[in-house]
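When the sequence shown is numbered by numbering that gives the first Met the number 0, its final residue is 120 and no position is left out of the sequence of numbers.
Glycine included, every Cβ here is placed at the ideal spot set by N, Cα and C.
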Amino acid sequence: MTLRFKGAELRPVIAEAVTNQCRIILVKDYGVYWLAEHGEFHPDGRQKLIAYAIGCNPDVAPFDDWWERSRAEFGGDDFGEFFEPGDSVFTRILDGAGDLEVSATATQIFLQVVAANLGSN
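In structure tokens form, the structure reads like this:
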């Protein structure tokens with residue numbers, strides 16, 4: 000299984016990390032998402048710019064659906080993995096190259112830029 004992140008939603012997160020000279024974080028907890036290590040926050044404490052994986056946004060997907068999808072790809076434990084926004088995969092996303100697919104094994108996370116999938120939510 001692979002999770003997909005829309006490039007249009009991920010670009011602002013990467014740009015925020017570049018602007019703030021920080022890393023971006025792939026998080027699996029309440030959903031699966033990317034955010035900047037040092038981003039801007041809403042008054043309620045939630046980070047403003049978050050890019051959720053398609054089907055793993057708890058604000059729009061039923062709990063059982065996003066939870067099972069995230070567990071199938073990344074297992075049951077929560078985590079945060081840090082990446083440099085200057086890595087080529089992220090600069091390609093910033094340049095409008097498409098969407099980002101993320102897959103994992105027990106020991107590695109794989110990132111791949113793919114053509115934008117305009118029909119998915």
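Val-113, enclosing alpha helix (DSSP H) - first and last residue | Per DSSP, Val-113 belongs to no alpha helix (DSSP H); it is in the beta strand (DSSP E), 108 to 113.
Specify the secondary structure class of Ile-23 as computed by DSSP and reduced to three states.
-> Reduced to three states, the DSSP call for Ile-23 is strand.
Beta-carbon proximity list for Pro-57, same chain, < 6 Å, skipping 5 on both sides = Tyr-29, Gly-30 and Trp-65
The alpha helix (DSSP H) enclosing Phe-82, as first and last residue numbers | That residue, Phe-82, is in no alpha helix (DSSP H); its beta strand (DSSP E) goes 78 to 82.
Cβ-based burial, Gly-79 [other Cβ within 10 Å; buried from 16] | With fewer than 16 other Cβ atoms within 10 Å, it is exposed.
Specify the secondary structure class of Leu-48 as computed by DSSP and reduced to three states.
-> coil
Residue span of the beta strand (DSSP E) that contains Glu-100, given as start and end | 98 to 103
Three-state secondary structure (DSSP) at Asp-58?
-> coil
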